Amino acid sequence: MSTTHANAPVTEGHSFKPALIDSFKKLAPQHAVKNPVMAVVWLGTVLTAIATLAGWTTAGFGWSVTLILLVTVLFANFAEAVAEARGRGQAASLRRARKDLVARRLDKAGKETTVPATELRPDDLVVVEEGQLVPADGEIVEGVATINEAAVTGESAPVLREAGTDRSGVIGGTKVLSDRIVVRVTAEPGHSFLDRMISLVEGSNRQKTPNEIALGIVLAVLTLTFLIVVVTLPFIGGFVGVEINVVLLVALLVCLIPTTIGGLLPAIGIAGMNRALKANVLAKSGKAVEVAGDVDVLLLDKTGTITYGDRQATAFHALAGVDGTQLRQAALLASLADPTPEGKSIVKLAREKGEKLVDPEQAHFVAFTAQTRMSGVDLPGERVIRKGAIDAIIKHVKSLDGHVPAELEARVNDVARKGATPLVVSDGRHVLGVIELSDVIKRGIKERFARLREMGVKTVMITGDNKLTAANIAADAGVDDYIAEAKPEDKLARIRAEQAGGRLVAMVGDGTNDAPALAQADVGLAMNSGTQAAKEAGNMVDLDSDPAKLLAVVEIGKQQLITRGALTTFSLANDVSKYFAILPALFAAAIPSMAALNVMNLTSPTSAVLSALIFNALIIPALIPLALRGVRFKPASATHLLRNNMLIYGVGGVVLPFIAIKLIDVILSALFNV
Amino acid sequence: MVEPLLLLSLLLVVGWPLGRYLAAVMRGAPMRSDALFSWIERPIYAALGTRPHVGMSWRGYAGAFLLSNLLLAIVVWVIFMTQAWLPLNPDGVPNMSWDLALHTMVSFLTNTNQQHYSGQAQLSYLSQMTGIVGLQVVTPVMGLAMVAATLRGLFGGRQAMSQDSAQVKATDAKVVVDVGNYWADVTRATLRFVLPLCLVLSALLTWQGVPATLAAGPVASPVEATAEFKEQKIPLGPVSPMVAIKQLGSNGGGWYGPNSTVPLENPTPLSNFLEVFAIALIPVSIIFMVAPFTGRRKFGAMVLGTMLTMSVLTAGISLWSENNSATTLDVALMEGKEVRLGAEASALWASTTTQINNGSVNLMLDSSAPLTGMMSMINMLINAIWGGVGCGLMQFLVYLMLAVFLAGLMTGRTPELFGRKIEGPEVKLLAILVLLQPLVILGFTAITLAIPSITGNSNPGFHGISQVFYEYVSAFANNGSGFEGLGDATVWWNVSCAIVLALGRFPSLVIPLAISAMLASKRRAPEGSGTLHVETPTFALTLIGIVIILTLLQFMPVLVLGPVADHLLLTELLAR
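Chains A and B are the protein sequences, given in the same order. Quick note on this note's numbering: the first sequence kicks off at 2 and runs consecutively. Quick note on this note's numbering: the second sequence kicks off at 0 and runs consecutively.
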């Protein structure tokens, strides 16, 4: 999992007070009916209150049950409120960014007028200069600028945005740090990126996902089933003279219906979106997050995802008769003043191999140019050290009347065949050897792909490299397949082919030419640095612009579903023990031999019912952290995951409440002597 | 313990080849006996106006199933109400009342054979042979046809199954899923599978002494003759063919009212063994059919393994309860017990007959130990431990889909069955089935118990609850066995049971077929290590867990008030 979200503007935890107030507000009937399971508990509360007032049961017991039921509803509301509050904290900081934006709009004649940002329409042109805030989402049509996007991404390092490139998108509310840009507005007021983000994180009009709807049906049916069980019970019991109090019936009903998962379901949904946001991924819908869990194939760009993206020195190959140290020192000298990443990596490698030379005095650095295709250093005493492409160095050495050993070409070919780039080093008239520059594979990526494979997710690498290089990197990184010399349309074709085979495909993209593929993919993760077209086409945006984030998104999606499934199982498994607590209590008065079923040896019928109800209520807040965080997820095969989760939440769900209810009973009888 | 083990091993040994043969029959594969059967089948197809190789959509298939049931219903109901005037009535049996005829018709139409009449006294030979035996032959085959069609749907329809699964292109949503030809399925399975088996069993039973005649029965004088009871008419008839189909077709409605407790229906220990064996034979063969029929050997093995595990588990408890539980040891409790064949044979039959959904009896459950009765109820509530012909596997598929839904979520993917997603619309249909069972069974049990004038049971107290509950459970499961001791030949019992019978049969056969066809039209994802495999022991255990939990949660209160309280009370009385 990515851990690069330390700066994410997510307010954690400390918002319990508003959440508490919200829990009471959510008691309003129009909110209560949205959740059928908890609505039944709420109705039960009212019913027990009426029954107690009417004197159908002892006041002490009646009010205790009523109170516990009310608290159960409040706990469920609280779970939802806490999840919402977390999002709202983030929304508040986003809102501050949106507030009072002013725009300098250009009309057709190029004249500037200052207008409030809310008056901007798509295709308006606005000017933004150093120190000003970008008034709306748009695309740079003129100029280059560094921009601080901290308000949106929480990342304080400035980013470069430039017209006519794949990094031309700007977000309203972000700050231009340098230069002047002209931006073409792309979003309607109220539909900007920020607006969308705010409404998403607040979870205000959250759409239920397909899986959530399906699970909702299951929970509603279970609730109805138990309603039937409880409503028919007094008639069946009446035949053998068992009179069952209405308060006891409500207690039984509430214990049986899946209140645990029912109470936590909205919180789980909101928390899933928040978890994605915490990883700085903005999903356009909750569905997108869940679909990520179903993905079978990941299309990954090589650069930035699998490799660091710049070539780095990985080995020195000295020619026959040349000392290794001689080559390394020459390479080091030629690169000391070289500002390119390649040059720096040569210095780093040489230092690692033990070369301790420092920058000599009076050295003259010769920079790389497209004409010479080599760089190096001129030292006092006519010492000319160069590094560069083989043909450039051969030309250079020959011009000094030097000799090019026949061995060189073979060495260069060896390196090239590995998919690496050879760089030849010469000192004066002598060719010393070859530096191997390779595309370095990111650390840990191989293990990550292995984990994905375990989860049944196939990885496909996309690269512009030739087949040889691509095959080598693919083998090193452990991807399942690769597309070499890829053109943008290859991505689209591959996605269609995989989808025709019934697989769900996820991909990352940033350029405008990625847009069709992003739209076609089941999960399209657009880079925040990318063009507006790409961001519109995808169904998620990564604010960190880190292509490797796709892997985290898959895990979040899976975790989301597992959390729901596990808590449903747990909720159902709990019912077994509740039956053993309540049924003997229910029938004890009329049928003394029922005491044999009181396997937990609970003190009294009253205490048994109250203990079961208290457990039923307390388990909701106890599981709020789990609902918000998601159950622990270790990538593994489906069978393995099922086995683990069944053991923890199924078997554990049967056993745990037996112990907990007994414990509550002991405490109750000690404290109140019930 | 010899008999249960012998029974089980024999079932597995015979069921395996029989299942392979049945798969070939249901696939419509060419076979050597084609020449023999096709000259019977061709005229039938011509009369039905169907071309046997042309497939149907799920709507067409279900429609044909419902239409054929409706037609049979009308014919049989009329025969029962007019039998006195029709031929083949040597004993002069009168017409049936409308409600008893309705109940009897629905009961046999739903492959249940719950009997509120006493066979030998209230049905003419014509009624027995058409309404009873006719339906006993054809209704199990209908269930078999429905489950075959559902399996075709689950694997993408006949088109997809006939090709190599690897080469199947993404199914075009507009293509109607071909689930087979209903008329051809029923005809082939009846002629090539069920009737030959009946012939063999009937011959064996006749050899053991079960009557097979069309003559009127003899008159005998009782040992202790009194003024009112000077002579007894011994009813005979074509008993052995009927007993054969009654046992084989998960029917259970005997020629005689007391069923296989009557020596004439079940004369010897060997006949007893044969009859128990016959109960399970076709349902077990159907499970063996799954693998060759669907081409998924592991799936077939999972279904077999799961059912076998549950079967051994519940049969074990029944046997223990009848032999060893606290309520079996006392002589005072021996009233009504089956002593001719013994406790073990009784419990084994009780367990088998309710697991298989047959419903024939060789003991009176009313007199068995309360916990034995409870296990029989649980078997019927689950209704998927082997289960009735076709219906058992169908119910198993329903549990399978429920388990896939829950287990699928726990593996972090949208639940998929054989690569096809189970989503909102499918869950909604499943929800109807989940809800229907408690609604119907508990609803009618509560109404009946709450109004003493309609209850009509012979026992007050907990045992009375068991009697009423059992009757509706048996009706809903289309089992047909009775706890007995119930004055159930009343208008209320007849009509309410007829409703329960129909609700237990038709939705549970049609809805899974509809779901399978909905799944078949979805995009099929390849199965990998990330997708849930239903063919693993882990999943099988999950499935068993879900079956037990679901049944327990829905029916534990009434089971506690009925058999459990009964057991506790008896234990307490014995202790004094």
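Idealized CB from N, CA, C, for every residue including glycine. Quick caveat, the model's predicted, so the values are computed rather than measured.
Query                                                                                                                              : Result
Other residues of its chain near P51 (chain B): CB distance less than 6 Å, five sequence neighbours each side excluded             : Y44, N180, A183
Reference L603 (chain A); option with closest CA among A:I583, A:A618, A:I615, A:P622                                              : A:I583
Assigned exposure category for W38 (chain B) - 16 Cβ within 10 Å defines buried                                                    : exposed
Simplified DSSP assignment, three categories, for Q363 (chain A)                                                                   : coil
Min CB distance K427 (chain B) to chain A below 9 Å                                                                                : yes
C-beta contact flag for R454 (chain A) and S473 (chain B) at 9 Å                                                                   : no
Proximal chain A residues relative to A430 (chain B), where beta-carbon distance stays under 8 Å                                   : I218, V219, A221, V222
Run of the beta strand (DSSP E) containing M595 (chain A), from where it starts to where it stops                                  : No beta strand (DSSP E) holds M595 (chain A); DSSP gives it neither H nor E.
Q135 (chain B) beta carbon less than 9 Å from that of N112 (chain B)                                                               : yes
Start-to-end residues for the beta strand (DSSP E) that takes in R162 (chain A)                                                    : 160-163
Members of the segment 432-450 of chain B near chain A, C-beta cut-off 8 Å                                                         : V433, L434, P437, L438, L441, G442, T444, A445, I446, L448, A449
Cutoff 9 Å: K482 (chain A) Cβ touching any chain B Cβ                                                                              : Looking at the sequence provided, one finds Asp at residue 482 (chain A) rather than Lys. Chain B, which has no Cβ nearer than 9 Å to the Cβ of D482 (chain A), makes this no.
Stretch-stretch touch, CB-based, cutoff 8 Å, three pairs: the segment 268-279 of chain A with the segment 393-410 of chain A       : no
Amino acids of chain A, ordered along the chain, whose beta-carbon sits closer than 9 Å to that of E422 (chain B)                  : P211, N212, I214, A215
Status (buried if at least 16 other CB within 10 Å, exposed otherwise) for L200 (chain B)                                          : buried
9 Å Cβ cutoff, N275 (chain A) in contact with chain B                                                                              : no
Classification of S8 (chain B) by the beta-carbon crowding that lies within 10 angstroms, buried from 16 upward                    : exposed
Interface residues of the segment 551-563 of chain B facing chain A [CB-CB below 9 Å]                                              : L551, L552, Q553, F554, M555, P556, V557, V559, L560, G561, V563
Beta-carbon proximity of T454 (chain B) to V557 (chain B), cut-off 9 Å                                                             : no
Near-chain B residues of the segment 448-465 of chain A - C-beta to any C-beta below 7 Å                                           : E455, M456, G457, V458
For V397 (chain B), the residue or residues it bridges with in DSSP                                                                : Paired residue(s): none; V397 (chain B) is not in a bridge.
Inter-residue Cα distance where the pair is I51 (chain A) and V251 (chain A)                                                       : 12 Å
Rounded separation between Q561 (chain A) and E291 (chain A) - CA only                                                             : 7 Å
Distance CB(D402 (chain A))-CB(R430 (chain A)) smaller than 9 Å                                                                    : yes
N-terminal and C-terminal residue of the beta strand (DSSP E) that G434 (chain A) is part of                                       : 431-442
Simplified DSSP assignment, three categories, for V142 (chain A)                                                                   : strand
Proximity test, Cβ basis, 9 Å: G18 (chain B) and chain A                                                                           : no
Segment limits, alpha helix (DSSP H) that includes E490 (chain A)                                                                  : 489-501
Residues from the segment 397-414 of chain B in contact with chain A, defined by Cβ distance under 9 Å                             : L401, F404, L405, A406, G407, L408, M409, T410, G411, R412, T413, P414
Closest Cα partner of R644 (chain A) within the set B:T447, B:H566, B:L542                                                         : B:L542
Nearest-angstrom Cα separation, counted from T119 (chain A) out to S1 (chain A)                                                    : Given a span of 2 to 675 for chain A in the structure shown, any question on residue 1 (chain A) remains unanswerable.
Beta-ladder partner(s) of I172 (chain A), from DSSP                                                                                : In DSSP, I172 (chain A) forms no bridge with anything.
C-beta neighbour in chain A for A539 (chain B), strict 9 Å                                                                         : no
Whole runs of the alpha helix (DSSP H) within the segment 187-268 of chain A, excluding any shorter than 4 residues                : 194-203, 211-239, 247-257
Beta-carbon contacts of P3 (chain B) that lie in its chain and below 6 Å, excluding the five residues immediately before and after : L347
Interface partners of G503 (chain A) on chain B, CB under 7 Å                                                                      : A169, G418, R522, R523, A524, P525
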